[in-house]
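Asker: Order-wise, the sequence lines are chains L and F.
Residue 149 in the working numbering sits at position 149 of the first sequence; the count goes up by one each step and never skips.
For the working numbering, count along the second sequence from 1 and bump the result up by 189.
Note that beta-carbon positions come from the ideal geometry of N, C-alpha and C, so glycine has one too.
Since the model is a prediction, treat every value here as computed from it, not as a measurement.
My questions will all concern the structure given below.
There are 2 protein chains.
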Amino acid sequence: MSETRKRIVTATGELFRSQGFNGTSLKQVTEHADAPTGSIYHFFPGGKEELGAAVLRESGAAYQQLFELIADEAGDIVDAMPAFFNGAADALEETDFIDICPIGNIAREVASTHEPLREASVSVFAGWTEAIQTRLAAAGLDAAEAEALANTIIAAIEGGFMLARARRSTTDLRATGTHMQQLVAAALA
Amino acid sequence: MSETRKRIVTATGELFRSQGFNGTSLKQVTEHADAPTGSIYHFFPGGKEELGAAVLRESGAAYQQLFELIADEAGDIVDAMPAFFNGAADALEETDFIDICPIGNIAREVASTHEPLREASVSVFAGWTEAIQTRLAAAGLDAAEAEALANTIIAAIEGGFMLARARRSTTDLRATGTHMQQLVAAALA
DNA sequence: GTCTATACCAAGATAGAC
DNA sequence: GTCTATCTTGGTATAGAC
């Protein structure tokens with residue numbers, strides 16, 4: 001895959017995190033990626049919308065891998081909860097509260113206005129749900145309960161990002177991690 | 190307070206729900222509010238940013254009243270949880286998944302780019318936290334635990350909105366309501 | 001306080017040379 | 001595949017009559 005294409009996707013993802021979809025201009029993308037306008041339309045003939053969908057899908061997959069990594073390190077899914085939320089909290093602090101998740105940041109913004117982006121976010125969320133659900137099921141939960149709990153965990157972390165970025169504090173996000181740990185432990189008991 | 194000002198704020202709130210802050214133009218506001226451009230700048234000399242902050246504060250207060258109402262009807266805070274989440278889910282379905290909460294929709298979008306809007310969202314969230322915290326404390330939780338749990342509940346509902354709007358399904362949002370009910374019940378036990 | 005017209009700029013997208 | 005120049009549209013904001 002082209003280096004230029006990679007630079008464009010990476011730069012767009014970074015801009016999306018702090019400015020959202022509508023707040024990011026293709027001119028900014030060309031500057032940050034050090035790539036000309038023509039290259040954007042060469043790799044993404046559908047323009048901004050197609051580029052945005054690619055950013056969601058590719059960074060969504062990267063976050064899923066990150067979750068798998070943290071979950072593997074934590075050993076079991078109960079201990080993975082605080083590890084996951086605290087890791088996210090650390091990342092937020094280190095980046096001065098720039099959003100660390102471009103998917104969640106974009107999903108609500110465009111859900112009613114850009115159908116291809118909504119669909120891209122749905123497929124990313126489906127992957128995340130499955131990753132968490134699989135581990136919950138492996139720990140003993142039946143499939144339906146595991147899916148529902150996985151979705152609550154995703155909702156909690158995305159909503160937690162919202163509060164943390166607004167307040168510029170990760171205190172609540174960390175506390176939410178322990179609440180999710182309680183919820184998982186109770187479900188498995 | 191002027192009728193025109195009210196129409197402007199209401200129309201902007203509605204547009205924010207489906208399109209976000211950057212996705213909503215002042216031209217659309219003039220059309221939906223049936224008010225001229227001059228009136229926007231008369232009531233909000235600071236332009237779009239000042240109008241946006243007013244929308245966040247005023248609709249944030251309205252949602253807080255709605256929560257109080259639902260909590261009063263439910264009787265106790267444990268039963269208020271599913272009532273609250275299911276009510277939100279019903280509203281989402283009735284509006285064809287237009288966002289029912291302009292605050293959460295805007296908060297992440299502008300947290301790093303529009304300081305006055307970030308501050309407005311913080312003060313709205315503070316009111317919500319306090320409303321839930323007060324009821325949790327009245328039910329027997331100590332202040333710190335009540336505050337942390339209140340924030341998790343807010344995170345869960347806002348993240349739940351995100352998933353529900355993206356997926357165009359309220360199944361997960363309702364399930365998250367029962368998870369929050371479990372969490373509250375366990376904390377009070 | 002309300003309205004119309006408009007200034008001014010930045011947006012997304014395209015054309016066509018290289 | 002890359003780049004520059006440019007088209008067209010739409011954005012926010014302002015001016016000034018009423």
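How would you label Glu14(L), buried or exposed, when you count the other beta carbons within 10 angstroms and need 16 or more for buried?
Answerer: Mapped onto the first sequence, residue 14(L) falls at position 14. Glu14(L) should be labelled buried.
Asker: Could you have a look at Phe21(L) and say whether DSSP puts it in helix, strand or coil?
Answerer: If you number the first sequence from 1, residue 21(L) lands on position 21. Phe21(L) falls in the coil class under three-state DSSP.
Asker: Pull out every residue of the segment 201-228 of chain F whose Cβ sits closer than 7 Å to any Cβ of chain L, in chain order.
Answerer: Ser207, Gln208, Gly209, Asn211 and Gly212
Asker: Apart from the five residues on each side of it in sequence, which residues of its chain come closer than 8 Å, Cβ to Cβ, to Ala374(F)?
Answerer: Reading the second sequence from its first residue, position 185 is the one you call residue 374(F). Excluding sequence neighbours, Ala374(F) sits near Val267.
Asker: Would you say Arg167(L) reaches chain F, if we count a Cβ-Cβ gap shorter than 7 Å as a contact?
Answerer: Position 167 of the first sequence, counted from the first residue, corresponds to residue 167(L). For Arg167(L), the answer is yes, since a Cβ of chain F falls inside 7 Å of its Cβ.
Asker: Hey, out of Phe85(L), Gly47(L) and Ala155(L), whose CA is closest to Asp172(L)'s CA?
Answerer: Counting from 1 along the first sequence, the entry for residue 172(L) is found at position 172. With distances taken between Cα atoms, Asp172(L) lies closest to Phe85(L).
Asker: Less than 7 Å between the beta carbons of Met81(L) and Met180(L), yes or no?
Answerer: Within the first sequence, residue 81(L) is the residue found at index 81, counting from 1. Within the first sequence, residue 180(L) is the residue found at index 180, counting from 1. Their beta carbons are under 7 Å apart, which means Met81(L) touches Met180(L) by this criterion.
Asker: In chain order, what residues of the same chain lie with their CB nearer than 7 Å to the CB of Ala345(F), ignoring the 5 residues before and after it?
Answerer: Working through the second sequence from its first residue, we reach residue 345(F) at position 156. Closer than 7 Å at Cβ, skipping near neighbours: Thr365 and Met369.
Asker: Measuring only the C-alpha atoms, how far is Arg206(F) from Thr12(L)?
Answerer: The sequence position of residue 206(F) within the second sequence is 17, counting from 1. The sequence position of residue 12(L) within the first sequence is 12, counting from 1. The straight-line gap from Cα to Cα measures roughly 24 Å.
Asker: Would you decide whether Thr226(F) is buried or exposed? Buried here means 16 or more other CB atoms lie within 10 Å of its CB.
Answerer: Locating residue 226(F) in the second sequence gives position 37, where the first residue counts as 1. Taking a 10 Å sphere around the C-beta of Thr226(F), we find fewer than 16 other C-beta atoms and assign the residue as exposed.
Asker: Considering Cα atoms alone, identify which of Asn22(L), Phe44(L) and Asp99(L) is closest to Val9(L).
Answerer: Position 9 of the first sequence holds residue 9(L). Comparing Cα-Cα distances from Val9(L) to each of Asn22(L), Phe44(L) and Asp99(L), the minimum goes to Phe44(L).
Asker: Take the Cβ of Asp261(F) as the centre, count every other Cβ of all protein chains shown within 10 Å, and call the residue buried at 16 or more, exposed below.
Answerer: If you number the second sequence from 1, residue 261(F) lands on position 72. The residue in question, Asp261(F), is exposed, as its Cβ has fewer than 16 Cβ neighbours within 10 Å.
Asker: Given Pro116(L), which residues of its chain have a CB within under 6 Å of its CB, disregarding the five upstream and five downstream residues?
Answerer: As a first step, residue 116(L) must be located in the first sequence, where it is residue number 116. So the list reads Glu49 and Ala53, once near-sequence residues are dropped.
Asker: Could you give the DSSP three-state label for Ala111(L): helix, strand or coil?
Answerer: Taking the first sequence and counting its residues from 1, the one referred to as residue 111(L) is at position 111. Of the three classes helix, strand and coil, the one that applies to Ala111(L) here is coil, per DSSP.
Asker: Is the distance from the Cβ of Ile131(F) to the Cβ of Gly235(F) below 7 Å?
Answerer: This structure gives no information on residue 131(F), because the portion of chain F shown stretches from 190 to 378.
Asker: Alpha carbon to alpha carbon, how far is Ala148(L) from Gly264(F)? Give it in angstroms, no decimals.
Answerer: The residue labelled residue 264(F) in the question sits at position 75 within the second sequence. The residue labelled residue 148(L) in the question sits at position 148 within the first sequence. Between Gly264(F) and Ala148(L), the C-alpha separation is close to 26 Å.
Asker: At 3 residues or longer, and completely inside the segment 52-96 of chain L: list those beta strand (DSSP E) runs for me, N to C.
Answerer: none
Asker: Determine the direct distance from the alpha carbon of Gly329(F) to that of Thr193(F), and round the result to whole angstroms.
Answerer: Counted from its first residue, the second sequence places residue 193(F) at position 4. Counted from its first residue, the second sequence places residue 329(F) at position 140. Approximately 45 Å, taken between the alpha carbons.
Asker: Report, in whole angstroms, the separation of the C-beta atoms of Asn134(F) and Gly20(L), which I expect to be a contact under 8 Å.
Answerer: Past the edges of chain F, shown from 190 to 378, lies residue 134(F), and the structure says nothing about it.
Asker: Given 8 Å as the limit, is there contact between the segment 300-320 of chain F and the segment 86-104 of chain L, that is, 3 or more CB pairs closer than that?
Answerer: These segments touch.
Asker: Quick test of your reading: Arg246(F) and Val313(F), contact by CB under 8 Å. State the CB separation rounded to the nearest angstrom.
Answerer: The residue given as residue 246(F) occupies position 57 in the second sequence. The residue given as residue 313(F) occupies position 124 in the second sequence. The Cβ separation is near 6 Å, so the contact holds.
Asker: Would Leu258(F) count as contacting chain L if we go by Cβ distances under 7 Å?
Answerer: Taking the first residue of the second sequence as 1, we reach residue 258(F) at position 69. Judged by the 7 Å Cβ criterion, Leu258(F) is not in contact with chain L.
Asker: Name, please, each residue of chain L whose Cβ falls closer than 8 Å to the Cβ of Asp361(F).
Answerer: Residue numbering aside, residue 361(F) sits at position 172 when the second sequence is read from its first letter. The answer, in chain order, is Ala148, Asn151, Thr152 and Ala155.
Asker: List, in chain order, every chain F residue whose beta-carbon is nearer than 8 Å to that of Val184(L).
Answerer: Locating residue 184(L) in the first sequence gives position 184, where the first residue counts as 1. Correct list: empty, because the minimum Cβ distance to chain F is about 10 Å.
Asker: Contact check, Leu372(F) vs Gln182(L) under 8 Å by CB: the rounded distance?
Answerer: Working through the second sequence from its first residue, we reach residue 372(F) at position 183. Working through the first sequence from its first residue, we reach residue 182(L) at position 182. Rounded, the Cβ-Cβ distance is 7 Å, consistent with contact.
Asker: What residues in the segment 282-302 of chain F bring their beta carbon closer than 8 Å to a beta carbon of chain L?
Answerer: Hits within the stretch, in order: Phe286, Ile287, Asp288, Gly293, Asn294, Ala296, Arg297, Glu298, Val299, Ala300, Ser301 and Thr302.
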